[in-house]
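Single-structure report; data block below.
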Amino acid sequence: MNKKKNKMPAVGGQGITIGVFLLITLGLFVLWSRFETPPTMVEYSRFFKKLETGQIQSLTVQGQKIEGRMLGADSLNPERFLTIIPMNDPDLLPLLKSQDILLEGKMIQSSSSTQSFWWILIISAGILMLWSALSRNGGGGGGPGQAMNFGKTKARLHNEIADKKTFKDVAGAEEAKEDLEEVVEFLKHPKKFQELGAKIPKGVLLVGPPGTGKTLLAKAVAGEANVPFFSVSGSEFVEMFVGVGASRVRDLFANARKKSPAIIFIDELDAVGRARGAGWGGSHDEREQTLNQILVEMDGFDSSEGLIIIAATNRPDILDPALKRPGRFDRQVVVDRPDSKAREGILAVHCKKKKIAADVKLDVIAKGTPGFTGADLENLANEAALKAGRDNRKEIIGDDFEYAKDKVMMGPERRSMVMTDEDKLTTAYHEGGHAVSGHFLKMVDPVHKVTIIPRGQALGVTFFLPQNDRYSHIKKKVEENIIMALSGRAAEEIMFGKEFISAGARGDIEHVTRYARSMVCEWGMSDLLGPVQYGESDGPVFLAKDISSRKTYSEKTHEDIDSEIKRIITTGYTAAVALLEKHKDKLIDIAEILLDKETLSSDEVIAILGIAERPKFPVLDDFRKRHPARVYETTEEVVAEAVTTEDVTPPSDEAEKV
Numbered sequence: 207m208n209k210k211k212n213k214m215p216a217v218g219g220q221g222i223t224i225g226v227f228l229l230i231t232l233g234l235f236v237l238w239s240r241f242e243t244p245p246t247m248v249e250y251s252r253f254f255k256k257l258e259t260g261q262i263q264s265l266t267v268q269g270q271k272i273e274g275r276m277l278g279a280d281s282l283n284p285e286r287f288l289t290i291i292p293m294n295d296p297d298l299l300p301l302l303k304s305q306d307i308l309l310e311g312k313m314i315q316s317s318s319s320t321q322s323f324w325w326i327l328i329i330s331a332g333i334l335m336l337w338s339a340l341s342r343n344g345g346g347g348g349g350p351g352q353a354m355n356f357g358k359t360k361a362r363l364h365n366e367i368a369d370k371k372t373f374k375d376v377a378g379a380e381e382a383k384e385d386l387e388e389v390v391e392f393l394k395h396p397k398k399f400q401e402l403g404a405k406i407p408k409g410v411l412l413v414g415p416p417g418t419g420k421t422l423l424a425k426a427v428a429g430e431a432n433v434p435f436f437s438v439s440g441s442e443f444v445e446m447f448v449g450v451g452a453s454r455v456r457d458l459f460a461n462a463r464k465k466s467p468a469i470i471f472i473d474e475l476d477a478v479g480r481a482r483g484a485g486w487g488g489s490h491d492e493r494e495q496t497l498n499q500i501l502v503e504m505d506g507f508d509s510s511e512g513l514i515i516i517a518a519t520n521r522p523d524i525l526d527p528a529l530k531r532p533g534r535f536d537r538q539v540v541v542d543r544p545d546s547k548a549r550e551g552i553l554a555v556h557c558k559k560k561k562i563a564a565d566v567k568l569d570v571i572a573k574g575t576p577g578f579t580g581a582d583l584e585n586l587a588n589e590a591a592l593k594a595g596r597d598n599r600k601e602i603i604g605d606d607f608e609y610a611k612d613k614v615m616m617g618p619e620r621r622s623m624v625m626t627d628e629d630k631l632t633t634a635y636h637e638g639g640h641a642v643s644g645h646f647l648k649m650v651d652p653v654h655k656v657t658i659i660p661r662g663q664a665l666g667v668t669f670f671l672p673q674n675d676r677y678s679h680i681k682k683k684v685e686e687n688i689i690m691a692l693s694g695r696a697a698e699e700i701m702f703g704k705e706f707i708s709a710g711a712r713g714d715i716e717h718v719t720r721y722a723r724s725m726v727c728e729w730g731m732s733d734l735l736g737p738v739q740y741g742e743s744d745g746p747v748f749l750a751k752d753i754s755s756r757k758t759y760s761e762k763t764h765e766d767i768d769s770e771i772k773r774i775i776t777t778g779y780t781a782a783v784a785l786l787e788k789h790k791d792k793l794i795d796i797a798e799i800l801l802d803k804e805t806l807s808s809d810e811v812i813a814i815l816g817i818a819e820r821p822k823f824p825v826l827d828d829f830r831k832r833h834p835a836r837v838y839e840t841t842e843e844v845v846a847e848a849v850t851t852e853d854v855t856p857p858s859d860e861a862e863k864v
């Protein structure tokens, strides 16, 4: 049965191919028959004289029509001719017999019937092509019974998967797994909850950035519960025909009820679940009808049916509020980027079937990849394996992971790109400026690697690697990051003058402008404007919602915002110039070594610039003295704890300047 189902769509594809071929062939034939040069009409008497003189090459007789070709054709005697026998000429047949002429006969046929025949063939080929297309797209079948099956769901049923996923296959996301374990327990033992009067959530919404494992978690729930698992993408509901999406929703829920207890998984819910009335156009389009049907189905079944809906999205802010209300998607499970410990577990899962060298330490790799998602880590392990294969090694070593990490973080190297000496010199001092300022600024993350080899879209890269995962922004750290980002432009100005600065700081300027605007408008870090949010956040918005929104501040405030952003950036640039002027000899050293070696590691940067003093948060030492039993990995945790502790005074302004 499975083999037949797999072959049926191919039959539809062959039907379309045959139909297109017939249409093209018949169309070309009709065009040829219409545009072929017609024979010239001549008088019968002239034809008879040419026949007597032996100037006729061939003849075709059809009733009273004679069509043929003349020898020695010119403008007066065309090569092809047509004449009509006015009457039964008794002299014509004997004359034809006496001449050595190729003579053919043709049956009398109506021209209208011939044209009708060809048009019937063309229309039949068009119907065959349309029928094949409908058969292929109408619900997965290729036969006539499936031709109009648009309303059938495209959801895939995974109840007999050989390689089922369980929670053991999902590393990290411990809090998300705890929430989903209740769903599994209900599907396994529903009566235990029903006897207590408890209601299991009808829907679970998995929310998180792309690549964090939302789909994998849904598959693990189905594998743990060992129940039928219907999976469908949100975009598969909507078609060009009105009403198809709603029909597919009804069919999906009907099929799931037949196999309850079951799980329905809708991936990329935002494709069909966007807020209604937030865009241009009418409110009765196909997508909104589909959403309305989903809302009705979720509200129409009760917990006793044993249906659980799990949906995944990375844009929960644009979902319709009716979807997120209690009774539909009761519970939102956040699947965030993994921390260091979770990344180590994810790497262990992805390296389970790979040959890893004994000296490779996954915990070190995990600490060096902050911000990576599960998909990023899978890509990292795969790139390392590919590098080992290219170098003909039998196992993956630490250098392979280092290469893969640099490739994922900074982009692939473009060694084939030919740079002029001027570009190399400018890039070396630009990246050297970033490295020097980042090294001597206390709150900036340590320098991981500096290179003037083009990577991705950049001519050079200076990469800073955080020592720990960061979850908040500290004003001092943001200001120093702005100084560091502007130091590339500052280094060019110091060494070459304002007339010879390059456009290489375009990305840096964009970065610091976004940082400064967030400081003023979102984080309340401006003394002039205070802790007030100005304008909407930078999250995704709808077109109509964005156009119809009004500014929540006056023009005077708008001018103050612009001037404050400019002040922050200008102050940072001045500080960058002053810092590099102070360490100009170090800047020249690192730029010259970069021109020679092209790439410097963190150890090489320390060897050139010396050991940098790492940041000291003012309240940290005092707080540890008061609470010696507590261990903190990041300064942000100290800040959060210090705010809630009465016996610790907040840091003063003078302390912040240390």
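Heads up, the sequence shown is in this note's numbering, so the first residue is 207 and it goes up one at a time. The beta-carbon is built from N, C-alpha and C at its ideal position, and this holds for glycine as well.
Whole-angstrom distance between residue j and residue i, CA atom to CA atom
i, j, result
"V570", "R661", "24 Å"
"L302", "V267", "12 Å"
"L786", "A634", "14 Å"
"E584", "L553", "7 Å"
"A784", "M649", "17 Å"
"I329", "I230", "12 Å"
"I659", "S643", "20 Å"
"K772", "F702", "24 Å"
"R537", "R521", "16 Å"
"V624", "V566", "35 Å"
"K558", "A528", "43 Å"
"G730", "I680", "12 Å"
"E258", "P244", "25 Å"
"M725", "I500", "41 Å"
"I814", "I472", "54 Å"
"L386", "K408", "12 Å"
"M214", "R454", "Residue placement at M214 is flagged as unreliable, the pLDDT there being 41, under the threshold of 50; a coordinate-derived value is accordingly withheld."
"F287", "F254", "13 Å"
"I700", "T657", "20 Å"
"E865", "F578", "Outside the displayed span of the chain (207 to 864) sits residue 865, for which this structure offers no information."
"L402", "V390", "17 Å"
"K256", "K271", "17 Å"
"K682", "G778", "12 Å"
"V372", "G639", "Residue 372 is actually Thr in this sequence, not Val. For T372 and G639, the distance between alpha carbons rounds to 50 Å."
Residue i in three-state terms, based on DSSP
i, result
"E601", "coil"
"K547", "helix"
"L749", "Low confidence applies to L749: its pLDDT is 44, below 50, so where it sits in the model is not reliable, and the reading given next is rough at best. Correct three-state label for L749: helix."
"T841", "Confidence is the limiting factor: at T841 the pLDDT is only 47, short of 50, which leaves the residue's position unreliable, though a coordinate-based value still follows. DSSP places T841 in helix when its eight states are reduced to three."
"S643", "helix"
"G348", "With a pLDDT of only 41 at G348, under 50, the local geometry of the prediction cannot be trusted, and the value read off the model is given with reservation. Coil."
"V444", "coil"
"V718", "helix"
"E619", "strand"
"Q739", "coil"
"L592", "helix"
"S732", "coil"
"F578", "coil"
"F670", "strand"
"H654", "strand"
"R712", "helix"
"S693", "helix"
"M504", "helix"
Contact belief for residue i with residue j at Cβ below 8 Å, rounded distance in angstroms
i, j, result
"D476", "T418", "Not quite, the Cβ-Cβ distance comes to about 15 Å (not below 8 Å), so this is no contact."
"L735", "D714", "Contact doesn't hold; Cβ gap of about 24 Å is too wide."
"D523", "R480", "Contact flag wrong, Cβ pair sits at about 10 Å."
"I799", "L806", "7 Å"
Cβ pair residue i, residue j closer than 9 Å
i, j, result
"G414", "P467", "no"
"V614", "E637", "no"
"I406", "E388", "yes"
"K655", "S760", "no"
"I796", "A641", "yes"
"V478", "S437", "no"
"P544", "G580", "yes"
"P652", "A818", "yes"
"V811", "H645", "yes"
Identified DSSP bridge partners for residue i
i, result
"Q268", "K271"
"A664", "R661"
"V540", "V413"
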